[in-house]
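Protein chains in written order, with the working numbering: chain F, 63 to 270; chain B, 63 to 270; chain X, 63 to 270; chain D, 63 to 270; chain E, 63 to 270; chain U, 63 to 270.
Every residue gets a Cβ at the ideal spot worked out from N, C-alpha and C, and that includes glycine.
Computed from a predicted model, the values in this text were never measured in an experiment.
Protein chains: 6
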Amino acid sequence: MMIPIFIFSLLITLSSASVSDFCVADTNQADTPSGYPCKPASKVTVNDFVYSGLGKAGNTSNIINAAVTPAFDAQFPGLNGLGISMARLDIATGGVVPMHTHPGGSEVLIVIQGTICAGFISSANGVYFKTLNKGDIMVFPQGLLHFQINSGKSTALAFVGFSSQSPGLQILDFALFANSLPSELVEKTTFLDDATVKKLKGVLGGTN
Amino acid sequence: MMIPIFIFSLLITLSSASVSDFCVADTNQADTPSGYPCKPASKVTVNDFVYSGLGKAGNTSNIINAAVTPAFDAQFPGLNGLGISMARLDIATGGVVPMHTHPGGSEVLIVIQGTICAGFISSANGVYFKTLNKGDIMVFPQGLLHFQINSGKSTALAFVGFSSQSPGLQILDFALFANSLPSELVEKTTFLDDATVKKLKGVLGGTN
Amino acid sequence: MMIPIFIFSLLITLSSASVSDFCVADTNQADTPSGYPCKPASKVTVNDFVYSGLGKAGNTSNIINAAVTPAFDAQFPGLNGLGISMARLDIATGGVVPMHTHPGGSEVLIVIQGTICAGFISSANGVYFKTLNKGDIMVFPQGLLHFQINSGKSTALAFVGFSSQSPGLQILDFALFANSLPSELVEKTTFLDDATVKKLKGVLGGTN
Amino acid sequence: MMIPIFIFSLLITLSSASVSDFCVADTNQADTPSGYPCKPASKVTVNDFVYSGLGKAGNTSNIINAAVTPAFDAQFPGLNGLGISMARLDIATGGVVPMHTHPGGSEVLIVIQGTICAGFISSANGVYFKTLNKGDIMVFPQGLLHFQINSGKSTALAFVGFSSQSPGLQILDFALFANSLPSELVEKTTFLDDATVKKLKGVLGGTN
Amino acid sequence: MMIPIFIFSLLITLSSASVSDFCVADTNQADTPSGYPCKPASKVTVNDFVYSGLGKAGNTSNIINAAVTPAFDAQFPGLNGLGISMARLDIATGGVVPMHTHPGGSEVLIVIQGTICAGFISSANGVYFKTLNKGDIMVFPQGLLHFQINSGKSTALAFVGFSSQSPGLQILDFALFANSLPSELVEKTTFLDDATVKKLKGVLGGTN
Amino acid sequence: MMIPIFIFSLLITLSSASVSDFCVADTNQADTPSGYPCKPASKVTVNDFVYSGLGKAGNTSNIINAAVTPAFDAQFPGLNGLGISMARLDIATGGVVPMHTHPGGSEVLIVIQGTICAGFISSANGVYFKTLNKGDIMVFPQGLLHFQINSGKSTALAFVGFSSQSPGLQILDFALFANSLPSELVEKTTFLDDATVKKLKGVLGGTN
């Protein structure tokens, strides 16, 4: 058979072009607006595309009785440049994923176990919430305040997908009360009173 | 001179292709994810690209002593499809543009008059705020909570640009307290107490 | 309290702009390159953002002993314009999701139950496959050939997320053998012999 | 053989989702910022994806001794939504495609016949031009002024590709002199003198 | 109170992912098509998001009696990756911002002081111009030739926003006459005569 | 004349901003999801924007009697960041460009010489193929299986443009049979029998 001449030269010619199928993050280099620089293709293995960090329940022994475990590009470098990521939600009985936003992406949630009351609020202040059962999916449009509450009698488990490799996660109470933003500014911009702000800063570790 | 044959046929040939320079919104048709369908090019005039709605101060006789006047694609159809929009901020003495987000775009603010204390909070709960004087500009990355306060002794005026023709505007207090989201859900997802929630719902017109 | 004047006028002013938080598909109108035109915001309810079609197992009584149940924008109009979608994979013992591509998006898969051998092939003809257990996630970059096989002894269940509201699904064998593409063209472009092509056309319902 | 049940139901289930592989323009409907609404998939044939309009030379009997024949989405509806288009350049001996820009896309040119001197100017006023021979390709970055001149002794032929289905074409002289833009404004904004402006308006059919 | 365990581990877990809220340019590294690599989040301060360079009038003692002061990503690194930028226009009496394009973005202009006659020309050679007064805004679609003229009796001031962090600025006369593009090529591609080209090259510092 | 002060300072001021007109790839640095980092503008010459590699016929003395010569960003660094690329197809009599996909972009083909039967298959398994003559163009939507066959009696030549600087190229037979993907997995996921798989692996150099 007299094949190879073309074939192997073609394979070689094209191999440099085809790196762009994927771009596994080299997180040792500085990030860019489009994601991390790519690890050399020669060093990429299947393990770069597989992540096991969502395989076990997050620790829900905390004040919210819930845990969010992200698989964003920083945790899972194989996602870099692909515009998608995931996270795991464990919500114990009575637990809640508090009001939050993802500044950089929309979210789809699927309930694997238990019952979750989930909802979001639109820019027009419209309210959209519903109780979700096993197998139900719900979408939360980009950047809008939303929440998930365990509304059942057992632990709830859900997985969520995002339309970004790095959607961000801004939890409202942490943004307002778990940092050094002066109480006076919090009060002026939220209409909350000083006692409320100071109490929540105390609980969440905020200062000033 | 024997020009015209080519030239005018060229002009005619190309005129249908060139509609895509712009796409003035036909707001009588349904919106799409990329914006409104385009008004026929033959009906477009310079007035579609000019808007005078930001030319006078918004009414700041209200509880926040401030007014936000948007020039998004719904107000200014010429922006449709162009990925940019503007708004005017009037903040009377003591006034505040309360904590809010723009789910769909980043913002740049320029102070035209007065003194404004502006800031935002990152997903990592980092706090970034500063007092801005006339001529200063500040950028607020997409989807993050931010605020503007008149920190001077006279009325402040600013204009803002957005990286979207329709960035949205979700004001935190309105999202939480100015609609029918049940107090119980607000409380569970924000850690605010019932009295606080009910009081703010009263002020802002919320129910349930 | 003398609030309302500003607040309600603000609410009214902004309500038209804020439609763009989301764009629930009006599938009665023609699609566009960015998705379907939007249903009027006044008719949107929470049910537009919730979908229950992935809640029960697909029927795996077929030659591949597997079923793919999509929740793309055509099935779940609330996803329209949001750049994300999902699907459910049920793979009975011995079953397989045959070699396929999604022309329009990358995929992340999470194993909910069972054991799945999944893999993809790069443009450089690199081979990346691995056995995934419950809780493992794997990413398949956009447009590349990939597959999932039940490699365990019980039914496997997985959910997948896509970086597109309408990623498409091109199953290799169906593309080659389940339509009217003439056998001669299939043979010339795949190097498969006539007997193989005719046999598979027979199995999969192809003609010519 | 006991196949069909699954297969045909799968085919049916998926057929509605897969429209988004392509979106042949229905140019009878209004354009949108992302392109025209799609023709129903059931009415699409291979002829929607094939265009013969570039197969014959444009008429170069005109003052520039050249012709640009576009295959943008308005001429070739199959391109709609795909982010690519083409054009044919015929440049007779001594002919020139005058200084122009494509506001909406980058261009790659390939010389099929003859010799072309082509160039562009950067925002930093850098000058990049070169004589291209048969088989040479040159790229012109989006939105920059560029030109092509027949620098050989026979007719030149080139094809160009654009990174947009509708890149636009703004020919400098036509923009300045072939419309109703008042001479006074042209003069003030270009530093050209009145005689020059009036002369070129005369040649190109401009008024005012 | 027994909070912290979860909260602080959550804060730590997420802090690496949340860098992507913003990407302040590290202009010491090479730019990429999506912008500069990001400065480490730990070194970012509020000063990276504030810029004072537009606070004072540009020097209009020049032939155009005008000045354009950009705040693009190269000047204001906090804009990097955010798809927006600004500039300040100072136009003295009789001054003009000459015919120019922004190859990479659309522009919105707001008049702060004075009267400006502004306009643009479409690909179809349509002419759109109007006199703008204080508070008026006008949009200039991406890549199209446009201009601004002080049409009043006092200095005019305007601020402009762009739909890109680095929209570029190609001033027509500088592109044609302020560099080494040979006069012969300018003449052939613009139909301007040799005397005109040489005169403007003389004024603007061009050679050849 | 007292020009220069403004002009040259303006030129200097803007020169750093205007790098973003283009971003010639520095292929010595790691790629990113948006393309390679940029070569310093001061080192860029016109030669970075011109490529001669498509000027001569590829070697068609191989089993497919055809050759694909790419001009993607890896071969032609001037394309970096511009969202476009090209390739040359030489198809000898009886030759074929086998069934393949471009995972990252749509393609437009123009026949320069000879006769080509080209086609693609949609996600809905629709078949679209036609015989193309000199001057005909055909578009192949992103990510779909397609092919080109010389259906005439002489060598065929075509050039293709892509809507990506790095569209990738996955040739079906090479993906299945020219690597180490175990025969057992190929068989399970394609329904091809063992003899067929082993034979093609033999021809194409695959193992396992």
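Item	Value
Neighbour flag for ASP93 of chain X against chain D, beta carbons, 8 Å	yes
Neighbourhood of LEU262 of chain D by C-beta, 6 Å cutoff - its chain only, sequence neighbours within 5 removed	PHE239
Pick from E:PHE209, E:PRO99 and E:ILE199 that is closest to LEU234 of chain E, judged by C-alpha positions	E:PHE209
Closest by C-alpha distance to ASP198 of chain U, when choosing among D:ALA119, D:PRO102 and D:ALA87	D:ALA119
Those residues which DSSP pairs with MET200 of chain F across a bridge	F:LEU171 and X:VAL112
LYS276 of chain U, buried or exposed, once every other Cβ within 10 Å from all chains shown has been counted against 16	Past the boundaries of the shown model lies residue 276 of chain U; chain U is included only from 63 to 270, so the question cannot be answered.
Beta-carbon separation (whole angstroms), LYS192 of chain E vs ALA180 of chain E, contact threshold 8 Å	7 Å
PHE191 of chain F at chain B interface by Cβ criterion, 8 Å	yes
Contact check, MET293 of chain E vs VAL159 of chain B, beta carbons under 8 Å	It is not possible to answer for residue 293 of chain E, since the shown part of chain E is limited to 63 through 270.
Every unbroken beta strand (DSSP E) within the stretch 103 to 168 of chain F, with a cutoff of 3 residues, ordered by chain	128 to 133, 147 to 153 and 158 to 163
Cutoff 8 Å: PRO165 of chain E Cβ touching any chain U Cβ	yes
Residues of its chain near ILE65 of chain X, where Cβ-Cβ distance is below 7 Å and the 5 sequence neighbours each way are ignored	Below a pLDDT of 50, predicted positions are generally treated as unreliable, and ILE65 of chain X, at 42, falls in that range; no measurement from the model is reported.
Backbone CA spacing between PHE134 of chain F and GLY115 of chain F [nearest angstrom]	11 Å
Neighbour flag for SER184 of chain B against chain X, beta carbons, 8 Å	no
Residue burial classification, GLY97 of chain B (beta-carbon count within 10 angstroms, cutoff 16)	buried
Segment contact, 8 Å Cβ cut-off, at least three pairs: the stretch 128 to 142 of chain X with the stretch 100 to 116 of chain X	yes
Interface partners of ASN124 of chain B on chain F, CB under 8 Å	Neighbours of ASN124 of chain B on chain F: none; closest Cβ ~13 Å, over 8 Å.
Short Cβ contact (8 Å threshold) for ASN142 of chain F with GLN204 of chain F	no
For HIS162 of chain F, the nearest candidate out of F:GLN232, F:PHE84 and F:SER185 (CA to CA)	F:GLN232
Rounded straight-line distance, which links the Cα of PRO165 of chain F to that of ILE146 of chain E	16 Å
Nearest-angstrom Cα separation, counted from THR177 of chain B out to THR89 of chain U	48 Å
Residues that ALA133 of chain B contacts on chain E, provided the C-beta gap is smaller than 7 Å	ILE199
Buried versus exposed call for THR94 of chain B [16 or more other C-beta atoms within 10 Å across all chains shown]	buried
Cβ-based burial, PRO99 of chain D [other Cβ within 10 Å; buried from 16]	buried
DSSP state of VAL222 of chain D mapped onto helix, strand, coil	strand
CA-to-CA distance, SER123 of chain D to MET63 of chain B, given in whole angstroms	Because the pLDDT at MET63 of chain B is just 36, under 50, the model does not fix this residue reliably, and the value given afterwards should be weighed accordingly. So the alpha carbons of these two residues sit roughly 12 Å apart.
LEU206 of chain D beta carbon less than 8 Å from that of ASP110 of chain U	no
Run of the beta strand (DSSP E) containing THR217 of chain E, from where it starts to where it stops	Looking at the DSSP string, THR217 of chain E is not in any beta strand (DSSP E), and its letter there is neither H nor E.
DSSP-derived helix/strand/coil call for LEU243 of chain X	coil
LYS192 of chain D - containing beta strand (DSSP E), residue span	189 to 194
Residues of its chain near PHE224 of chain E, where Cβ-Cβ distance is below 6 Å and the 5 sequence neighbours each way are ignored	SER147, GLY167 and GLU169
Backbone secondary structure at ALA92 of chain E - three-state DSSP	coil
Inter-residue Cα distance where the pair is ILE183 of chain D and LEU194 of chain B	39 Å
Residues bridged to ASN212 of chain U [DSSP beta-bridge criterion]	U:ILE178
Residue environment, GLY264 of chain X, which counts as buried when at least 16 other CB atoms sit within 10 Å	exposed
Residues bridged to GLY97 of chain E [DSSP beta-bridge criterion]	E:THR94
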